[in-house]
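Colleague: Just passing along the structure, written as structure tokens.
Numbering (the UniProt record's numbering), first residue to last: 1 to 276.
This is the structure we're talking about:
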């Protein structure tokens, strides 16, 4: 069982300020988090929510907090609930990993059609159908520094994990990091598009980077000890996958020992077999 060590930042009109001019907001729909990084000159948004309607709500919520201009967006990865609002921000640069446009081209339309016919998401079918798939326009290989009015924000790709294109958004002057779905506070790892044999090593690099409040893609703000426990689970899953590959355990035997739900374990097993 993971021990959750949560930070309790100040609530400002629904935004939680985890450091000076660094906020996150936790939305009920999908229990998804959005980040906001400010300077005297403007605001950088981290992830854009699940539809353009949700993104427009996000802009309104930002305006309740600040009238500073939005100068850019970062997508932590290419999953629909983090990028389907991108079109609302198409007048500013959108940063993402270099693999993100290709990933979105290959998966976004398929995912949209699946969601439109699946509970509980089909209630949002009209909004999902209206989404204009908008990939990032500024592509990151391993690291890039984005200046927000003179405030440096570092974007890191530390390896494959939850997807092939996960980015960490680090604000060095206050030691805050947004890590997307590389870590989830509100549930188990998401293995559907993952690289389960690489994810634990990627997370070791994350642990070496973070030293303050950490905002996951879903759930409450956490600290490094939570990330370490989460990484231990990823490592245990990877070891069980290896046991299946070697023939030491059957898939069902390994799933029964797994620290994640058997369905998630079988996803990890399938992804390990399919990974390039």
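Backbone N, C-alpha and C fix where the C-beta goes; we use that ideal spot for every residue, glycine too. Just so we're clear, the structure is a prediction, and the values are computed from it rather than from any experiment.
Could you name the residues of the same chain whose beta carbon sits closer than 7 Å to that of residue 196, not counting the 5 residues immediately before and after it, in chain order?
Modeller: Hits under 7 Å: 237, 238, 241, 268, 271, 272.
Colleague: Measuring CA to CA, which of 204, 202, 182, 200 is closest to residue 215?
Modeller: Of the candidates 204, 202, 182, 200, the one whose C-alpha sits nearest the C-alpha of residue 215 is 182.
Colleague: Report buried or exposed for residue 200, applying the criterion of at least 16 other Cβ atoms within 10 angstroms of its Cβ.
Modeller: Residue 200 should be labelled buried.
Colleague: Quick check for students: name the residue ranges of the alpha helix (DSSP H) that lie wholly in the region 197-251, counting only runs of 4 or more.
Modeller: Counting whole runs of 4 or more residues, the region 197-251 contains the alpha helix (DSSP H) stretches 199-209, 224-246.
Colleague: When the Cα of residue 38 is compared with those of 248, 193, 69, 104, which residue comes out closest?
Modeller: Residue 69 is the option with its Cα nearest to residue 38.
Colleague: Report the option in 13, 14, 165, 19 whose CA atom is closest to the CA atom of residue 177.
Modeller: When each option's Cα is compared against that of residue 177, the closest is 19.
Colleague: Taking 8 Å as the threshold, find out whether the region 86-93 comes into contact with the region 124-141 through three or more Cβ pairs.
Modeller: Touching, yes, given that three or more Cβ pairs across the two stretches are closer than 8 Å.
Colleague: Which one of 173, 222, 156 has the shortest CA to CA distance from residue 185?
Modeller: Ranking 173, 222, 156 by Cα distance to residue 185 puts 222 first.
Colleague: Is it buried or exposed for residue 63, if we count other Cβ within 10 angstroms and need 16 for buried?
Modeller: That one is exposed.
Colleague: Give the DSSP-derived three-state secondary structure of residue 177 in the structure shown.
Modeller: Of the three classes helix, strand and coil, the one that applies to residue 177 here is strand, per DSSP.
Colleague: Would you mind stating whether residue 140 and residue 95 have Cβ atoms separated by less than 8 Å?
Modeller: Taking 8 Å as the Cβ cut-off, residue 140 and residue 95 qualify as a contacting pair.
Colleague: With C-beta atoms as the reference, is residue 109 less than 8 Å away from residue 161?
Modeller: No, Cβ-Cβ distance for residue 109 and residue 161 is not below 8 Å.
Colleague: Give the DSSP bridge partners of residue 27, in chain order.
Modeller: 32.
Colleague: Leaving out the 5 sequence neighbours to the left and right, which residues in its chain are closer than 6 Å to residue 49 when beta-carbon positions are compared?
Modeller: Excluding sequence neighbours, residue 49 sits near 55, 58, 85.
Colleague: Going straight from the alpha carbon of residue 34 to that of residue 170, what length do you get?
Modeller: One C-alpha to the other measures close to 14 Å.
Colleague: Are the CB atoms of residue 148 and residue 41 nearer to each other than 8 Å?
Modeller: Yes, Cβ-Cβ distance for residue 148 and residue 41 is below 8 Å.
Colleague: DSSP three-state call for residue 263: helix, strand or coil?
Modeller: Helix.
Colleague: Look at the alpha carbon of residue 114 and the alpha carbon of residue 80, and state the distance between them as a whole number of angstroms.
Modeller: Answer to the nearest angstrom: the Cα atoms are 12 Å apart.
Colleague: With DSSP as the reference, please indicate the residues paired to residue 95 in a beta bridge.
Modeller: Answer by DSSP bridge pairing, in chain order: 74, 138.
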